[in-house]
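The sequence shown finishes on residue 1028 if you use the numbering used here, and the numbering steps up by one all the way, no holes. From the three backbone atoms N, C-alpha and C, an ideal C-beta is built for every residue, glycine too. To keep things clear, I will list the structure first and then write my remarks on it.
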Amino acid sequence: MDSEIVKVDQKIIVGMKLEISLLENQTQTLWQRFMPKLNSISNRLDNNLISMSIYSSDYFHSFNPSNRFMKWAGVEVSEEPIIGDGLEIIKIPKGLYVRFLYQGLPSQAGPFYQSIFQEWFPKSGYKLDQRPHFEVMGDKYKNNEPSSEEMIYIPVME
């Protein structure tokens, strides 16, 4: 499992959020609500899409797939635009992240994430930090295609 520790500057994200759990995963519904609003967002930095998860401080201590967390669908912008129509602004604080390349179907990502938390973290010397987790879906992201690629960012501290 290839990984890289990277410093990430603060990111300003415009998007929509929904409280979900892994058992009641409504990520697809969230993206279906967000995508029609995409062209109304000004100051976009690029064509990448950002999927972000915000977990409570004890989410991973007593992991249960029915635990709820906040899921975001969004894009990065250069400065805060005037927004409306159900869109919100959130900032991802700067800090250290471990970055992984994931290739495959979103529905098959579970074992990949499991190996990060059960294998990579115990061997890494890093600890999970309490900041948003996010994925960047760029040009190589192809929804529901086995060859799809996205970059996964998980916050870490030494």
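Host alpha helix (DSSP H) of residue i (start-end)
i: Gln1000; result: Element bounds for Gln1000: n/a, residue is neither H nor E.
i: Gln984; result: Gly980 to Ser985
Secondary structure of residue i, DSSP reduced to three states
i: Met905; result: helix
i: Lys961; result: strand
i: Gly1008; result: coil
i: Ser873; result: strand
i: Leu900; result: helix
i: Pro935; result: coil
i: Pro992; result: helix
Residue i classed as buried or exposed, judged by whether at least 16 other C-beta atoms fall within 10 angstroms
i: Ser921; result: buried
i: Met1021; result: buried
i: Phe987; result: exposed
i: His931; result: exposed
Per DSSP, cross-strand counterpart(s) of residue i
i: Trp942; result: Lys887 and Met922
i: Gln973; result: Glu1019
i: Tyr929; result: According to DSSP, which records beta bridges pairwise, Tyr929 is partnered with nothing at all.
i: Pro951; result: Its beta-bridge partners do not exist; DSSP assigns none.
6 Å Cβ shell around residue i - same chain, five flanking residues per side excluded
i: Glu1033; result: What is shown of the chain runs 871 to 1028, which leaves residue 1033 out entirely.
i: Gln1000; result: Ser927
i: Asp1009; result: none
i: Gly944; result: Ile883, Val884, Gly885 and Ile920
i: His1003; result: Ser923 and Ile1024
Contact set for residue i: own chain, Cβ-Cβ below 7 Å, skip 5 residues either direction
i: Met1007; result: Asn918, Leu919, Ser921 and Glu1020
i: Pro935; result: Ser891, Leu892 and Leu893
i: Lys941; result: Lys887, Leu888, Ile890, Thr897, Leu900 and Ser923
i: Ala979; result: Tyr972
i: Ile960; result: Ile883 and Trp942
i: Tyr929; result: Asn937 and Phe939
i: Lys1012; result: Ser1018
Own chain, CB closer than 8 Å to residue i, minus 5 neighbours either side, in chain order
i: Ile875; result: Leu966, Tyr967, Val968, Arg969, Tyr996 and Val1026
i: Glu1028; result: Leu966, Gly995, Tyr996 and Lys997
i: Asp872; result: Phe970 and Leu971
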